Structure formats: C-alpha cells, structure tokens
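In full-length UniProt numbering, the protein residues as written are 1 to 107. Cβ atoms here follow ideal geometry from the backbone N, Cα and C, with glycine treated the same way. Values in this document were obtained by computation on a predicted structure and should not be read as measured data. Working notes, structure below.
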C-alpha cells in the first residue's frame with residue numbers, strides 16, 4: 001500500500017468514526033480491530049467496483065479493480081463521483097457546497 005493523506009470535513013470524519021465503532025463493536029482483539037484507513041480504503045474499492053463495473057459480486061470485475069492500468073483510467077472519474085457524494089452528504093446535512101472555478105474562486 002502507498003500512504004495517501006486527505007483532509008475531510010469534520011462531519012465526514014464523525015460519520016466514519018461512528019461506522020468504525022459499529023464495525024469494531026463485536027470484534028475481539030484476536031480478530032483485530034478495523035482501522036479508519038482500512039474502512040476508507042474498502043469504501044473506495046467498493047465504490048469503484050459498484051459504480052464502474054456494476055456488479056460487486058463478479059470476481060473477474062473485482063480482479064480488474066486491483067489492476068493498476070484499469071485503476072489509472074478510473075481515477076480520472078473519481079473526482080466527479082466524490083463531488084456527487086459530497087453534494088449528497090451536504091444536502092442531507094442541510095448545507096450548501098459552493099462550486100469553485102479553476103482559480104479557486106467561489107461561484
């Protein structure tokens with residue numbers, strides 16, 4: 001794996017931490033607790049497979065999701081997907097996202 005840092009809105013971190021607590025609630029020390037990085041990594045992989053391959057249970061397509069060439073082509077589309085997810089989260093929270101132009105100015 002390669003380290004990747006990301007800044008997230010506090011309410012998203014809170015949401016992830018709640019989900020992580022639910023997942024780890026019944027896990028024993030022997031099973032190992034899931035980390036925030038593992039959760040985010042799994043969510044991104046699942047999102048890629050579901051949104052770009054359609055069927056998360058297709059093992060062939062799952063294998064493609066781990067292929068660097070395929071992932072490189074998909075990375076171009078992740079920003080659009082991420083923006084849509086953030087729009088939905090902000091709508092659920094009753095907040096508004098301001099679009100920015102290429103110079104970083106709010107529109």
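- Counted as a single uninterrupted DSSP element, the alpha helix (DSSP H) harbouring residue 23 occupies residues 10–24.
- Only residues of its own chain outside the window of five on either side were considered, and among them 34 have a CB closer than 6 Å to the CB of residue 23, listed in chain order.
- The three-state secondary structure of residue 36, taken from DSSP, is helix.
- Around the beta carbon of residue 49, a 10 Å sphere encloses 16 or more other beta carbons of the protein chains shown; the residue is thus reported as buried.
- Distance check between residue 21 and each of 4, 43, 45, 36 places 36 closest, using alpha-carbon atoms only.
- Distance from the CA of residue 38 to the CA of residue 3, rounded to the nearest whole angstrom, comes to 12 Å.
- For residue 47, the three-state secondary structure derived from DSSP is helix.
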